[in-house]
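*Asks:* For reference, the structure I am asking about is given below.
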Amino acid sequence: MTGMEGSYLSALVRAACQRVAPMWPLDRFVAVNPFLGFTSMPFPEAAARLGRVAGVRMTLPGAFYQAEIAAGRIPESDLVAVGPAATPEPCAPVRIVTFGEALDTAIGTSWAPLADAEAARFTASWADAGQAGWPLIGREAGLFATWYRMARIDRTAEATGLAGFRAALHDLPSDPWAAIAWAVDVMRVQQAVLEDVLDGTLWRVRGWAAVLRQRDWDARLAGDRDDAIIGLLAIRLAWDAALCQLHPSMLPAWHAGLSASVTQSAVPLAELALQDAYEAGWQRRLLGKLAGAATPAPEPSVQAVFCIDVRSEVFRRALEAAVPEVQTIGFAGFFGFPIEVFPNGAEQGRTCCPVLMAPSMRVCERVDAPSRAQDALLRTGARAWAGLRRATAGGFSFVEAAGLGYAARLAADAIGVGRAAPPPVRPEIAPGVRDGQATGLSRAQALDAAEAALRGMSLTKGFARLVLLTGHGAQVTNTPHAAAFDCGACGGQAGDANARVAAAVLNDPGVRSGLASRGIAIPAETRFLAGLHNTTTDEVELFDTADLPASHAPDIARLRAWLTEAGDGCRAARLESLGLAGVSDPLASLRRRSRDWAELRPEWGLAGNAAFIAAPRARTRGCDLEGRAFLHEYDETADPTGAVLEMIMTAPMVVASWINLQYYAATVDNAAFGSGDKMLHDVVGRIGVVLGNGGDLRTGLPLQSLGYGGQLRHQPLRLCVLIAAAPAAIDAVLARHADVAALVDNAWMHLLSWADDGSCQRRVDGRWTAV
Amino acid sequence: MTASPFLAMAAPLVLGAAVFLPDRLMPRLAGPLGIAALGLVVVAAGGLALEGATGTVTAGPLRLHLDALSAVMLIAVAFIGTVVLRFSATYLDGHVGRGRFLRLLCLTVAAVLGLILSGHLLQLAAFWLAISLSLHRLLLFFPDRVGARLAARKKFLCSRLGDACLLGAIGCLYGTMGTLEIDGLAAAAAGFRAAGDVPPGVTTAALLLVFAAALKSAQFPAHGWLIEVMETPTPVSALLHAGVVSAGGYLILRMSPIVSLSETAMAALVLGGAASALVGAGAMRTQTGVKAGLAWSTLAQMGFMLMQIGLGAFTAAALHIVAHGLYKSHAFLSAGGVIRSSRPSVSSSGPGILIGLLIGAVVLAVCSGLAVGLSAGGIVLGAVLLIGVAEFSWTNRGSVPPWLLMAVELTICAVWITAHLLAMAVLGPVLPEGQAGGFAVAVAGLAIAGLMALVLLPVLPPHPWILAIQVHLTRGLYVNALTTRLVARIWPDRVAKDLAP
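Structure (structure tokens):
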């Protein structure tokens, strides 16, 4: 029955699975736009659709906006501007329900939550990435095939009181596609509601669906495909079909409810209008701030490139305030080098590049021979120790032998000592071989990447003596979502390795002569230097300074002093938001906080993000953007072909939008798009977190990343993008990239063209209007 | 007259003072209260070490029993409690219920300390109940969560059943011995032992004590609530798994003069403990959630501890309680760091070697145990250790150089033996080894075989019946599903019903 793969149903199934936004595993937990599958439809339509199939909200409740209006933060003029529907009326979406939910409501059972939990639990066992000491047997057969076998053994449903469950699955086909067709047939789902039922069913297991969709994403980057998500849909549908077999009399009522939901679905117009007004206020404030900016900078003695991350904005401002002769530049924090890093002795590499691309360069850690053997032994030892802790028989004696020693560990962790972060990996860019595969960068690869990076950051002339490439990473401990605090452009890793590779390549004489022949002449005295901005403590560590000539030693010493001063300024700006206002030694307090194993808010991450500005820094310099803006350097005059603009709008701008919508969604409806309270997190399969005892995996950001003490730290505002380029140039890019145009024209972000004279035009429905 | 027991009793009183503190002061004071309590019990233990035990002393309406056993337990619980309190003060920052949460934690720790120090069974029962009630409030810290309410109801029912058993035991003991003082009971038990005649009331009491302890320690098949308490903030799990569930073990150790009078009660401990140890260890291996795995592991460890008691290895059980508490609280509190921790090693070699190693381990344990004249309990513990060593050798033989593997194993054994010798030196005088009956030894032997099977199962070729065992074990033999059903029937969730449309 695999023949149905080309059928109408299978097309719907594929489309439904494509609408699930992927979720990356916790070790590279990058931001994802949770509406990724819905950006092809306008924001209001998506809100209506998701309200119907999942019962989610895409704005805050009306009461929030009423409070803002009452507090005078949404002025009357904005309410009028966005249209007449600004009076809130409660909008309770009529949600389509699965068969199990309808059954539960009718007869007072709780089989639908059981089905969700069981499907999730099974998928966790199947997808487990090294947590269970005894992994699920036979999972190589594929998700659905393994479940099909296991469902005949597992008696959980019967033990919970669902008699006859396994018998009800007797006719279930063993192929996932056929199983879906069978379930649809058993439940006699009509075509008109089929799409909604598929969406609604996947929504019940959205966490694991997102993980499986991510597997497919990775597979596709490698030119392959992964259909496990189809299997999950089949499993969840099979549960409903089994319930339907056991309670066939419920079918007519369910069908009636489904058609009612489809006809009753409504766009939450009032809240959407209020949200528009709320955003208009922020944009006016932003443009007002920018109007006064644009201070010409003196000739730079140091150029410092930072990631576009909103946290860099605070640091850049502090650095510029401390030292006017520093020029700062914003660029994606992987600096144009998509690398996979292999720490010494590690079995797997770390992918350090945006998840939109596959890494094209493999670099190993640079180590001396004795340290190589030592590292390998240490890693083996750590793994053996981890194994002993969880051994079947060893566990009993282990506790008696080592348990008393844990008193010391408890005491050390309680006072925050002895949790040293692993030292940064020093990447080796020279060509080599690892496991039969080439590592390091070839000359051509290095040259191409170097050219693209410099052009991308609009840095092709006027080089200073010292150019600092500053990646960023967070120093946190005991946090499942640690990767969310690291650099998104580096795939949820700290950006040090990328910065070091970039600096080494750009200092290479061969690369420089190649660049000169391509029109980028870097003066001989210019040196690139890699650094890492610790976003938790605002310290900047400099790398490989010994590789630079002695002539630059005074420059480096001066730079260090400046970075320290900038760090003080940056910390001063952040203290209040962390509840540390007035502490005597901010650096010591933040260091302590970063090592505190009980700290659920080591820092605020990208909370507050609301704007993306692609423009020369001179136009924003001196303007306090409150750590809410992604800043990308862009010089329109140096980009006659529009190639750099195209790169910015298709990569960094899209990534910024992903981050922005991730925060937006988790704030407006955390139950649907967030991961709830960190205090209840249990890390499952080394992949994601569940809340409490289990159930589905939770996607998105936890409550602790979004607010404090009932107050929102992140205001949900769709990204306001300002590009210092002519509307025609922007249109040209959008014309070539329909998916990016959809983000703009379907109101998933606001796009403004920012002219040199400070005036703005906004693109609405494909047309430009003056602001 | 010595001050030590009174100093120790000041510890729960200090923590109990949290009742009078306003919410807003709790975050700042919870840690210092814990430290003060810890300081008091440490000083009391020091005094005890200098002056020697004094037996039960009277303090107003209370009877305080401070000896090596209670001193060790007091320090362990106060230490873990202090760490958990400090942790929670930061962990709940920004949560509206932080003050209330910290107060409940203080009260729970205070109640455990009070229980440990009790010199009178009724007093012990009062603290026993207090622990359960304050814990119940903590389990419902997120009252909107259906899972939290379910776990709390399961726990509540088990606890009340346990209370009934404890009160029944108290009744029987008072009826047959005429006293409820810990000292008096021990003396009376010694009399029965000397006379070689145990009245049926005492046997009944011993069995009821065993049931009460098994319910407190969440033993199979009453373990459902234990593996569901992740519905409340992590520090509760840390305290619960580390200091509260072991109260059952402490009760039996305290009452060991009486419990060991009944061979049936001792055999029941071995039987229940072994079942819990095997089911828990089997389920633990298949869990994909970190905290879920830790919870099943607690079931296994508590089972093993009760089995040790049943075999008469009282000091080993006391060591197990303390060491497990320290280990498990750390494991829970640091559970968030798993993503950046090392993956455990896995072996790729075949089952043949492992079978050989396991058999060798047991033969070695039995022969050497007999040679040095160990009791049956000692031989069983040695066998478990050596099975663990065999498992470790097999898992790491491919990746660790042989000399290092050997060195590590010898170190593990040496540290293990040292820990036990230390426990015997400190606790031996108050906890003389018991005797294991023939039935208990036979059950323990079966448990050893079961443990070997558990070690072997993942290695054997994947036959369908192995998949079946894996599936059934993963679900803890469905006992929790049945419990859920039972609880839903006798105590339905009215809140959920009210919320339903």
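Chains as they are written, first to last, in the numbering used here: chain V, 6 to 776; chain H, -16 to 484.
Beta carbons: idealized from backbone N, C-alpha and C, even for Gly.
Could you name the residues of the region 178 to 207 of chain H whose beta carbon sits closer than 9 Å to any beta carbon of chain V, in the order they occur along the chain?
*Replies:* none
*Asks:* Please return the same chain residues whose Cβ sits closer than 6 Å to the Cβ of residue 93 of chain V, not counting the five positions on each side in sequence.
*Replies:* Below a pLDDT of 50, predicted positions are generally treated as unreliable, and residue 93 of chain V, at 46, falls in that range; no measurement from the model is reported.
*Asks:* Tell me whether residue 729 of chain V counts as near the ligand NAD, meaning its Cβ is closer than 7 Å to at least one heavy atom of that ligand.
*Replies:* Within the structure as shown, the ligand NAD is missing, as the structure has no ligands at all.
*Asks:* Can you tell me which of H:-13, H:-14, H:22, H:148 puts its alpha carbon nearest to the alpha carbon of residue -2 of chain H?
*Replies:* H:22
*Asks:* Pop quiz: residue 488 of chain V and residue 497 of chain V are said to be a contact at Cβ under 8 Å. What is the actual Cβ separation, rounded to whole angstroms?
*Replies:* 4 Å
*Asks:* Going along chain V in order, which residues have a C-beta closer than 7 Å to the C-beta of residue 73 of chain H?
*Replies:* 601, 603, 604
*Asks:* Per DSSP, residue 687 of chain V is paired with what?
*Replies:* V:695
*Asks:* Kindly indicate the opening and closing residues of the alpha helix (DSSP H) around residue 800 of chain V.
*Replies:* Because chain V spans 6 through 776 in this model, residue 800 of chain V falls outside it and cannot be assessed.
*Asks:* Report yes if the C-beta distance between residue 98 of chain H and residue 405 of chain V is below 8 Å; otherwise report no.
*Replies:* In this structure, residue 98 of chain H sits away from residue 405 of chain V, with a CB-CB distance that is not shorter than 8 Å.
*Asks:* Can you find the residues in the same chain that come closer than 7 Å, C-beta to C-beta, to residue 143 of chain V, ignoring five residues on each side of it along the sequence?
*Replies:* Excluding positions up to five away in sequence, the list reads 151, 154.
*Asks:* Should residue 432 of chain V be labelled buried (16 or more other beta-carbon atoms within 10 Å of its own) or exposed?
*Replies:* So residue 432 of chain V counts as buried.
*Asks:* Take residue 752 of chain V as the anchor and find which of V:349, V:362, V:40, V:633 has the nearest alpha-carbon.
*Replies:* V:40
*Asks:* For residue 456 of chain V, which of V:85, V:772, V:507, V:683 has the nearest alpha-carbon?
*Replies:* V:507
*Asks:* Taking C-beta pairs closer than 9 Å, name the residues in chain H that residue 133 of chain V reaches, listed in chain order.
*Replies:* 271
*Asks:* For residue 719 of chain V and residue 767 of chain V, what's the separation of their Cα atoms in angstroms?
*Replies:* Roughly 25 Å between the two C-alpha positions.
*Asks:* Per DSSP, what are the beta-bridge partners of residue 432 of chain V in this structure?
*Replies:* V:370
*Asks:* Applying the criterion that 16 or more other CB atoms from any shown protein chain within 10 Å of the CB defines a buried residue, is residue 274 of chain H buried or exposed?
*Replies:* buried
*Asks:* Threshold first: 4 residues or longer. Then list the alpha helix (DSSP H) segments lying entirely within the region 230 to 303 of chain V, N to C.
*Replies:* 233 to 251, 256 to 269, 274 to 296
*Asks:* With 8 Å as the threshold, decide whether the Cβ of residue 342 of chain V is near any Cβ in chain H.
*Replies:* no
*Asks:* For residue 762 of chain V, which residues from the same chain have a beta carbon less than 6 Å from its beta carbon, with the 5 sequence-adjacent residues on both sides left out?
*Replies:* none
*Asks:* For a quick check, are the C-beta atoms of residue 543 of chain V and residue 495 of chain V less than 8 Å apart?
*Replies:* no
*Asks:* Output, in sequence order along the chain, the residues in the region 61 to 92 of chain V whose CB is closer than 9 Å to any CB in chain H.
*Replies:* Correct list: empty, as no residue qualifies.
*Asks:* Can you tell me which residues form a DSSP beta bridge with residue 45 of chain H?
*Replies:* H:42
*Asks:* Going by beta-carbon coordinates alone, are residue 121 of chain V and residue 700 of chain V separated by less than 8 Å?
*Replies:* With a cutoff of 8 Å on beta-carbon distance, residue 121 of chain V and residue 700 of chain V are scored as near each other.
*Asks:* Check residue 379 of chain H in the structure and name its three-state DSSP category.
*Replies:* The answer is helix: DSSP assigns residue 379 of chain H an H, G or I state.
*Asks:* Do residue 690 of chain V and residue 271 of chain H come within 8 Å of each other at the CB atom, strictly closer than that value?
*Replies:* Cβ atoms of residue 271 of chain H and residue 690 of chain V: closer than 8 Å.
*Asks:* Can you pull the DSSP bridge partners for residue 442 of chain V?
*Replies:* V:439
*Asks:* Is the beta carbon of residue 137 of chain H sitting closer than 8 Å to the one on residue 231 of chain H?
*Replies:* no
*Asks:* Just the C-alpha distance for residue 144 of chain H and residue 72 of chain H, rounded to the nearest angstrom, thanks.
*Replies:* 33 Å
*Asks:* Checking the sheet assignment: what are the DSSP bridge partners for residue 707 of chain V?
*Replies:* Answer is V:681, bridged to residue 707 of chain V.
*Asks:* For a minimum of 4 consecutive residues, which ranges assigned as the alpha helix (DSSP H) are wholly contained in the region 301 to 359 of chain H?
*Replies:* 334 to 354
*Asks:* Give the secondary structure of residue 427 of chain H by DSSP, where H, G and I count as helix, E and B as strand, and everything else as coil.
*Replies:* helix
*Asks:* Residues of the region 426 to 441 of chain H with a CB closer than 9 Å to any CB of chain V: list them in chain order, please.
*Replies:* 434, 435, 437, 438, 440, 441
*Asks:* Which word fits residue 3 of chain H, buried or exposed, when buried means at least 16 other C-beta atoms lie within 10 angstroms of its C-beta?
*Replies:* exposed
*Asks:* Going by Cα to Cα distance, which pick from H:416, H:309, H:185 is closest to residue 297 of chain H?
*Replies:* H:416
*Asks:* Going by DSSP in three states, residue 716 of chain V sits in which element: helix, strand or coil?
*Replies:* Three-state DSSP puts residue 716 of chain V in a strand.
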